[in-house]
Every structure is written in structure tokens, then in C-alpha cells.
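*Asks:* Submitted below is the structure of interest, expressed as C-alpha cells.
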Amino acid sequence: MLTMIGALIGGIGLFLLGMRLMTEGLKLAAGETLRQLLSRGTRTPLHGLLSGIVITSLVQSSSAVIVATIGFVNAGLMTLIQAITVIYGSNVGTTMTSWLVTLVGFNINIKAFSLPMIGIGMLLRLIGGAGRKAAIGDALAGFGIFFLGIDILKTTFSAIGGGFHLTELNSQGVWGLFLFVGVGFLLTLLMQSSSAALAIILTAAGGHVIPLTAAAALVIGANMGTTSTAVFATLGATPNAKRVASAHVAFNLITGVIAVLLLPFMLMGLTDLRRILNMDVGPVALLALFHSAFNVLGVMLMWPLTSRLVKFLERRFRSGEENEARPRYLDRNIVGTPSLAMNALAMELVRIGGIARRMAKGAISSEMTASPQLARDARILTQLVDATGNFSNLIQRGHLPPDLDDKLPNALRVSRYYTEMAELAEGIAHAQSVIHPIDAPELETMIADFKHRVVHFLTQAEPAAERYTGEGDAAALAPLQQDYQQLKSRLLRAGTQGVLPVRTVVDQLDLMSNIRRIAEQAEKSARYLSHLIHAAHLNTGDQREHNHTEEAPG
Numbered sequence: 000m001l002t003m004i005g006a007l008i009g010g011i012g013l014f015l016l017g018m019r020l021m022t023e024g025l026k027l028a029a030g031e032t033l034r035q036l037l038s039r040g041t042r043t044p045l046h047g048l049l050s051g052i053v054i055t056s057l058v059q060s061s062s063a064v065i066v067a068t069i070g071f072v073n074a075g076l077m078t079l080i081q082a083i084t085v086i087y088g089s090n091v092g093t094t095m096t097s098w099l100v101t102l103v104g105f106n107i108n109i110k111a112f113s114l115p116m117i118g119i120g121m122l123l124r125l126i127g128g129a130g131r132k133a134a135i136g137d138a139l140a141g142f143g144i145f146f147l148g149i150d151i152l153k154t155t156f157s158a159i160g161g162g163f164h165l166t167e168l169n170s171q172g173v174w175g176l177f178l179f180v181g182v183g184f185l186l187t188l189l190m191q192s193s194s195a196a197l198a199i200i201l202t203a204a205g206g207h208v209i210p211l212t213a214a215a216a217l218v219i220g221a222n223m224g225t226t227s228t229a230v231f232a233t234l235g236a237t238p239n240a241k242r243v244a245s246a247h248v249a250f251n252l253i254t255g256v257i258a259v260l261l262l263p264f265m266l267m268g269l270t271d272l273r274r275i276l277n278m279d280v281g282p283v284a285l286l287a288l289f290h291s292a293f294n295v296l297g298v299m300l301m302w303p304l305t306s307r308l309v310k311f312l313e314r315r316f317r318s319g320e321e322n323e324a325r326p327r328y329l330d331r332n333i334v335g336t337p338s339l340a341m342n343a344l345a346m347e348l349v350r351i352g353g354i355a356r357r358m359a360k361g362a363i364s365s366e367m368t369a370s371p372q373l374a375r376d377a378r379i380l381t382q383l384v385d386a387t388g389n390f391s392n393l394i395q396r397g398h399l400p401p402d403l404d405d406k407l408p409n410a411l412r413v414s415r416y417y418t419e420m421a422e423l424a425e426g427i428a429h430a431q432s433v434i435h436p437i438d439a440p441e442l443e444t445m446i447a448d449f450k451h452r453v454v455h456f457l458t459q460a461e462p463a464a465e466r467y468t469g470e471g472d473a474a475a476l477a478p479l480q481q482d483y484q485q486l487k488s489r490l491l492r493a494g495t496q497g498v499l500p501v502r503t504v505v506d507q508l509d510l511m512s513n514i515r516r517i518a519e520q521a522e523k524s525a526r527y528l529s530h531l532i533h534a535a536h537l538n539t540g541d542q543r544e545h546n547h548t549e550e551a552p553g
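Start counting the sequence shown at 0; every next residue gets the next number (numbering that gives the first Met the number 0).
Given below as C-alpha cells:
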């Protein structure tokens, strides 16, 4: 008995070692090709499904494919819906392990080719250095060890099969079925490899240790167990990673539940199919067919629900950046009421203005130089500007009162000004990180004062604030223009007198010009936006008064 337990543990160990070598070797040998296939092969949902099947079949690791998919989604190279279709394909592709065990492990003299594969693989590893040849050697040796482990498991389970049966548990009805599903889940959880769990289940079924129905329930559990890897992967992960992992969990749980409910019917159908086709296959092939069938069935059931799943997941696991980049006031339901729609548009532009001024003030005062915060704000602003543009188009399609029709182009003008402010802020931040410092105390003081006055001006240029007056901003801009001209003259004089290198003078002039332009854009955007807010509020008030009059009793 101890010998059999030792052989069982050794077989599992060889199998896991082979799987690791095979997967790592294939990833290194064909990593770039697989990455290109994954990035280019997801143009349509169907392409994504096929890519997931092919890549997982090649690397024999759905976890590796899911990790790569998460990376592509985070990099913006793949959308969530593309990633989900790859996951569907990955779940179908992982059934290739069952077919490898079936077709090779039980129908071929494994040792006749597994040992030579190990030898050739290690030879390639020795002579291949750290290149692709060595990776191919690892993959070959991994295949050999993988099949050798299967052979040991098959022999051990065949020996155990004569005196060890689980028919008692199998006769416990539904509870026995759920118990086997749980055991299958636990096997994958403990080994963190559904392939290893499936190999044990299939070889045990081939050795007649486990009845067919119980083995099928174990296969379902092992398939569902892959969700544990996805759950572990989400700990401390990005929102996109959590969404992709959640899609994987949802697919496997839904597929598993359906497979359990349809288990008797599916096994009966597959048995009848075997009889009709006159196929002389054992329980292992039947289980492999069952494994593939319920995953394909899962894809067929989930495919029409994918768009809803994507929408559901996009509302979950939102990061602070995603929440800020989501419009707060734009609602398609109010597009039919132009006054309310214009008010919402104005309020959203106020938000965008706050972000643009934050970027500008931070860049000018050097607080955000080369900071991720600046890039984050730029992404948020771009998304919000796109959203306001789309919303403006929706408003334009409706019937607008003449006064609002004249004001709508101003909304687009304000968006453009804020976009230019953001672009200037990024340019200023970059320039201040590379520009040479000025070795002239008086000029340094003038530059610092000019920056400080511009930052103060930006703080005042908030059109939604009660203190804001467009005339005040225009009046405050004039002294800034004078300060800029004086600073420009002093810099040019310092260059001609040799106080500063010409290159430094040119760089500083460009920098000061961009800072001045930010103030100009802030003044124009605030002026136009204040008119838009005023017009929207007036019309909203008129609309409310009109509604109130209509509702008042006569």
C-alpha cells in the first residue's frame, strides 16, 4: 500500500514538473509569436474566441493566457469584450489536456517516446544556452516528463482499481454528486492546476477507481476550481484585472452549474452518440468529450450575454481615475429638454475647467513636474471632453430655441480652450524638468513672481464661482501681459549682454510664452463658459416656471 501511495505521489510530482517545464518552455520559445497572435487575433469576438482556444492549446496553461490578456487590457491594447472572448476560448482550449491524456496516455506506449523526448529536450537545453533552442528543449523535456507522470498514474490506479471503489459515495444521489464536484474543486485549488487535477481524475477513471458519473462530477469541479487562481490574481490588482478575472469566474461558475444540472442527460447523450457512431471508446475518452462539450455549451450560452456582462463589469471595481473620468451631469434622458441638457453640459464643462486649471497651476508651480498625477489628469480630461462633444452632438440633433442654438458652439469652443490648457500644462511640466536653471538672481525673482501671478489668476478664473466676473478677469489679464513683455525684454537683454546663454534664453522665452498662453486660454474659456452657464440657468428657470404654471390649478 505504501508503495502505491509513493508511486501516486511521484506520478503527480512528475506530472506537475512536466507541466511547468512544458508551459514555461513554450512561453519562452513562442512568447513573442503568441503575444502577437493575442494582440492581432482579437479584432472581432470570434477571432478572440479562436485565439483563446489556439493559444491555450499550445501553451497548456489557461492561467498564462489570462495573465497575458489582463496585461493587454491594462495596456489599452485590448478591450474588455475582446478579453472576455479570449477567456471563453481559453476555457475551451484547456480541455486539450483531457485529450492529451486520452489519446496518448491510454492508447500509446508512453515510455517508448517519453524517455527519448526527455533526453533530446535536455540535450537542447545543454547546447542551447539561454536562447530559443534551450526553451524548446525545456518544452520537449516537459512533454516527456508530463507523459511519464501520466504513465505512472495510470499504472498505479490500475493496480488500485481492483480493491478500491467509490460506488458507495456515487449512490448518494445529488449530495454525492455535489461532494465529487467539491473534491474536484479542491484538487485544482490545492495544486493550482486544473490540468493536474484532470490528469488524476482521468487516470483514476481509466483504472476503474471512480465510476463514470462521479468522474464527470470531479471534472466539473476541477474546471470550476480554476476560478481560485483568478480570485488570487485579483488581490491588490487593477480594476481591469479584476474585471477580466471576474469574467473568468462568472463563466466557469455558470458553466459548472449548468453542467451539474445537465450531467445525466449529457452523459446519456454522449453514450448514445458513441453507440450510434459505433465508437469503441472507454470512460477516459467519454470524459474528455464531456469536458469539451460542457465548455462549448457554456460558450454558446454566454455568447449572447457577453455585452450585458461587459456593461455589468464596467460598473464594478471602478478606480478613482475612472470615477472622475465618468461624466456626472450628462444624461441622455434629458437631451429632449434642451434647457436642462445645456445646463448639464455647462456643469460638466465646469468640472473639466477645474481639472484643466489644476493641471496648469501644478505644472507652473513645478509641483507636478514629471508626475503621474499630471498624466492621470490629462487622461481624465480627454475622456470628459470626448463625452461633452458627443453630448453636444445629441443636443444639436434636437430642436433648440434660438438663444441656446447660438450658445451651443461656445460649449465646443470652451472644450477646445481647456484641451489646449491641458496640452500646454504637459509641455510646461516637461520643459521645467529639462530646462537649464538661470544663474541671475534678479531674473529668477521676476520669473518666480510672474509664475505666482499667473497661478493666482488661474485660481480666480472659475466661472461657476460667485465672485467671478468676466470683466474682472479681462482686467486682470492686462497686467499679466505687461509683466510678460517686461520679462521678455529682460531675458532678451540678458542674452545679448552675455549674462545668459542664448539656448537658455530661448528655452525660457518659450516657457514664459506658454505660461502666458495658459492664462489667455483660461480667461477666454471662463468668459465663454460664464455666458453659457448664465444662458442655461435662465432657460432652466423659464422651463421650471412654465412647468409650474401648467401644473397650477386654474
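Every residue gets a Cβ at the ideal spot worked out from N, C-alpha and C, and that includes glycine.
Who are the Cβ neighbours of residue 454 in its own chain at under 7 Å, not counting the five residues just before and after it?
*Replies:* Result list for residue 454: 360, 363 and 364, in chain order.
*Asks:* Would you tell me roughly how many angstroms separate the C-alpha atoms of residue 406 and residue 504, rounded to the nearest one?
*Replies:* Near 42 Å, if we compare the C-alpha coordinates of residue 504 and residue 406.
*Asks:* How many Å lie between residue 245 and residue 210 at the Cα?
*Replies:* Residue 245 and residue 210: Cα-Cα distance of roughly 33 Å.
*Asks:* Start and end of the alpha helix (DSSP H) containing residue 87?
*Replies:* Counting along the chain, the alpha helix (DSSP H) containing residue 87 begins and ends at 79-92.
*Asks:* Determine the direct distance from the alpha carbon of residue 287 to that of residue 127, and round the result to whole angstroms.
*Replies:* So the alpha carbons of these two residues sit roughly 36 Å apart.
*Asks:* Would you report the Cα separation of residue 120 and residue 143, rounded to the nearest angstrom?
*Replies:* Near 8 Å, if we compare the C-alpha coordinates of residue 143 and residue 120.
*Asks:* Residue 21 and residue 179 - do their beta-carbons sit closer together than 7 Å?
*Replies:* Not a contact, by the Cβ cut-off of 7 Å.
*Asks:* Should the stretch 487-505 be regarded as contacting the stretch 378-387, the criterion being three or more beta carbon pairs within less than 8 Å?
*Replies:* No: fewer than three Cβ pairs fall under 8 Å.
*Asks:* My output table needs one value for residue 431: the three-state DSSP class, helix, strand or coil.
*Replies:* In the structure shown, residue 431 sits in a helix (DSSP, three-state: H, G or I).
*Asks:* Just tell me which of 252, 206 and 371 has its CA closest to the CA of residue 222.
*Replies:* Ranking 252, 206 and 371 by Cα distance to residue 222 puts 252 first.
*Asks:* Compare the Cα-Cα distances from residue 332 to each of 325, 340 and 326 and report the closest residue.
*Replies:* Nearest of 325, 340 and 326 to residue 332, Cα basis: 340.
*Asks:* What's the C-alpha gap between residue 366 and residue 422?
*Replies:* Model confidence at residue 366 stands at a pLDDT of 49, short of 50, so the residue's coordinates are unreliable and nothing is read from them.
*Asks:* Over what stretch of residues does the alpha helix (DSSP H) that includes residue 372 continue unbroken?
*Replies:* Taken as a continuous stretch (DSSP letters only), the alpha helix (DSSP H) holding residue 372 covers 371-396.
*Asks:* Can you give me the C-alpha to C-alpha distance between residue 152 and residue 266, rounded to a whole angstrom?
*Replies:* For residue 152 and residue 266, the distance between alpha carbons rounds to 25 Å.
*Asks:* Starting from the Cα of residue 305, find the closest Cα among 6, 44, 10 and 315 and give me that residue.
*Replies:* If we check each option's Cα against that of residue 305, 44 comes out closest.
*Asks:* Under 7 Å between the Cβ atoms of residue 24 and residue 138?
*Replies:* In this structure, residue 138 lies closer than 7 Å to residue 24 by Cβ.
*Asks:* Put residue 10 into one of helix, strand or coil per three-state DSSP.
*Replies:* Correct three-state label for residue 10: helix.
*Asks:* On the CB-based measure, 16 or more other CB atoms within 10 Å of its CB, does residue 456 come out buried or exposed?
*Replies:* Buried, because 16 or more other Cβ atoms sit within 10 Å of the Cβ of residue 456.
*Asks:* Please specify which runs of the alpha helix (DSSP H), each continuous and at least 4 residues long, are wholly inside the stretch 292-324, giving them in chain order.
*Replies:* Counting whole runs of 4 or more residues, the stretch 292-324 contains the alpha helix (DSSP H) stretches 305-313 and 319-323.
*Asks:* Can you give the Cα-Cα distance for residue 414 and residue 350, rounded to whole angstroms?
*Replies:* Roughly 11 Å between the two C-alpha positions.
*Asks:* How is the alpha helix (DSSP H) around residue 496 delimited, first residue to last?
*Replies:* Unbroken run through residue 496: none, as it is neither H nor E.
*Asks:* Taking 8 Å as the limit between beta carbons, can you name the residues of its chain near residue 114, skipping five residues before and five after?
*Replies:* If we look at residue 114 and ignore the five residues flanking it on each side, its Cβ neighbours are 143 and 147.
*Asks:* With residue 338 as the anchor, note down where its alpha helix (DSSP H) starts and where it stops.
*Replies:* 337-363 is the span of the alpha helix (DSSP H), which, as asked, contains residue 338.
*Asks:* Hey, out of 261, 433, 411 and 373, whose CA is closest to residue 425's CA?
*Replies:* Nearest option by C-alpha distance: 373.
*Asks:* Assuming residue 100 and residue 198 form a contact by the criterion Cβ under 8 Å, report the distance between their Cβ atoms to the nearest whole angstrom.
*Replies:* At roughly 5 Å, the Cβ-Cβ gap stays under 8 Å, so residue 100 and residue 198 are in contact.
*Asks:* Do you know offhand how far residue 163's Cα is from residue 208's?
*Replies:* In this predicted model, residue 163 has a pLDDT of only 49, less than 50, meaning its place in the structure is not dependable; the value taken from the coordinates is given anyway. The straight-line gap from Cα to Cα measures roughly 6 Å.
*Asks:* Going by C-alpha distance, which of 241, 118, 526 and 97 is nearest residue 459?
*Replies:* Ranking the options by Cα distance to residue 459, first place goes to 526.
*Asks:* Where do the N-terminal and C-terminal ends of the alpha helix (DSSP H) with residue 443 fall, by residue?
*Replies:* Element bounds for residue 443: 440-459.
*Asks:* Specify the secondary structure class of residue 556 as computed by DSSP and reduced to three states.
*Replies:* Shown here, the chain extends from 0 to 553; a query on residue 556 therefore has no answer.
*Asks:* Take the Cβ of residue 247 as the centre, count every other Cβ of all protein chains shown within 10 Å, and call the residue buried at 16 or more, exposed below.
*Replies:* Answer is buried; the Cβ neighbour count reaches 16.
*Asks:* Taking the C-alpha atoms as reference points, what is the distance between residue 448 and residue 513?
*Replies:* Distance between the alpha carbons of residue 448 and residue 513 is about 16 Å.
*Asks:* Quick check: what's the CA-CA separation for residue 441 versus residue 481?
*Replies:* Each residue's Cα considered, the two are about 18 Å apart.
*Asks:* Under 7 Å between the Cβ atoms of residue 200 and residue 182?
*Replies:* Taking 7 Å as the Cβ cut-off, residue 200 and residue 182 do not qualify as a contacting pair.
*Asks:* Is the separation between the beta-carbon of residue 51 and that of residue 88 shorter than 7 Å?
*Replies:* Their beta carbons are under 7 Å apart, which means residue 51 touches residue 88 by this criterion.
*Asks:* Between which two residues does the alpha helix (DSSP H) holding residue 180 run?
*Replies:* First-last of the alpha helix (DSSP H) with residue 180: 173-190.
*Asks:* Pick from 497, 262, 445 and 533: whose alpha carbon is nearest that of residue 463?
*Replies:* Considering only alpha carbons, the answer is 533.
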